[in-house]
Amino acid sequence: MANASVGPSDGTPGKRSTADLFRPVSVDRISEVIVEQMRLLIREGKLVPGDRLPSERSLCERFGVSRVTVREALRVLEASGLVEIRVGARGGAFVTRPSSERVGKGLAELLTLAPMTALDVTEARMVVELGILPLVVERATEEDIAELRVLVDQGLSALENGSYTMAMSAAFHVRVASSVHNPAIEMLVHTFHGPLLMSLQQAQVAAPLMGLRGAHEHFELVEAIEQRDVERARNVMTRHLQRTADRLANPDGEE
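At position 211 of the sequence shown the residue is numbered 211 (the UniProt record's numbering), and the sequence of numbers has no breaks.
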C-alpha cells in the first residue's frame, strides 16, 4: 500500500493527506485527546503503518495547540509503539505496527503490579504452556529447534561453571512458545515473561537444584519436539511444571 502524502491536499485524484484527518481539540489534558484521536484513526485504518504524519507545525495548526503539546502526544505514541520518530532529511513521525514483544512487555509491567503469587503464575503456565505444546510440536521449524538447542547448550554450560540463572530458563520457555508462530500467543507469552521469571526465582530459592533438573528437562523437551512426539513432550513439560508448582506449594519439602 502506498504511503499517504504528507502535505496539504493538492486536489490530485486518488491522493489523500494525513493532515486532513485531524480535528482541533480544547480540553485540559489536550495531549491525551490528541493521542486518542490518533489511536482511533489507526484502529479504523485511516492511518496505516508507513504513513508519515504531518510536520509538528502542521499538527499544531490542525489541533490548535502548541508544539509542546504535540511533542508530548508524539512521545506517548512512540512509547506505545504506534509511532516511530526518525531524524534526518527524510525524518519525521511515521505510523508503525507495535510488535508482539513490545505489546507484551507493556502488559507485563501491569502484571508485575497485580496481586499474584508465584504459584498463581505456575498454575497459569500449566494451562498455557501445556495447551500450546501440540502446536509447538507440529509447527516448530528446523531453525526453531536449532535455536532451542543453542539455549539448552548454553544452559548446561552455565550449570557447569556456576553461572546458570533463572532468566536463562525463562528465555527458553519464551522461545518454545514462539515456535507456534502465532502472534497472539507470542504476545501472551511476552506478557507473562516478568511473572514467569519471578516464579522461577522463587522456586529456585526453595530448591537450589531446580535449575539443574530443569535444564536437563529442557534437553528432553527439545528432543521430543524434534521427534514430533506430542505425548513425550507433554509428559516432560507436565513433570517440569508440576515440580515447580510442588516446590512453591511446599518450600520445606524434600528436593
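Built from N, CA and C at the ideal position, the CB exists for glycine as well.
Predicted model only: the values in this text are computed from it and were never measured.
Using 10 angstroms around the beta-carbon of Leu40, count the other beta-carbons present and answer buried if the total reaches 16, otherwise exposed.
Exposed, since its Cβ has fewer than 16 Cβ neighbours within 10 Å.
Own chain residues within Cβ distance below 6 Å of Glu220, not counting five before or after:
Residues Val236 of the same chain have their beta carbon placed closer than 6 Å to that of Glu220, with the five preceding and five following residues left out of the count.
Beta-carbon gap between Leu74 and Ala93 smaller than 7 Å
Leu74 places its beta carbon less than 7 Å from that of Ala93.
With the cut-off set at 7 Å, would you say Leu200 and Met166 are in Cβ contact?
Taking a C-beta distance under 7 Å as the contact criterion, Leu200 and Met166 qualify as a contact pair.
Throw me the rounded Cβ distance for the residue 260 and Arg149 pair, which I believe falls under 8 Å.
Only positions 1 to 255 of the chain appear in this structure, which leaves residue 260 out of reach.
Exposed unless 16 or more other CB atoms sit within 10 angstroms - verdict on His190
buried
Does the Cβ-Cβ distance between Thr18 and Pro49 come in under 7 Å?
Cβ distance not < 7 Å, so Thr18 and Pro49 don't count as in contact.
Apply the 10 Å Cβ neighbour rule to Gln202 and answer buried if 16 or more other Cβ atoms are within range, or exposed otherwise.
buried
Where Glu123 and Val68 are concerned, what is the direct C-alpha to C-alpha distance, given to the nearest angstrom?
47 Å
Extent of the continuous beta strand (DSSP E) run through residue 264
No information on residue 264 is available, as it lies outside the stretch 1 to 255 that the chain covers here.
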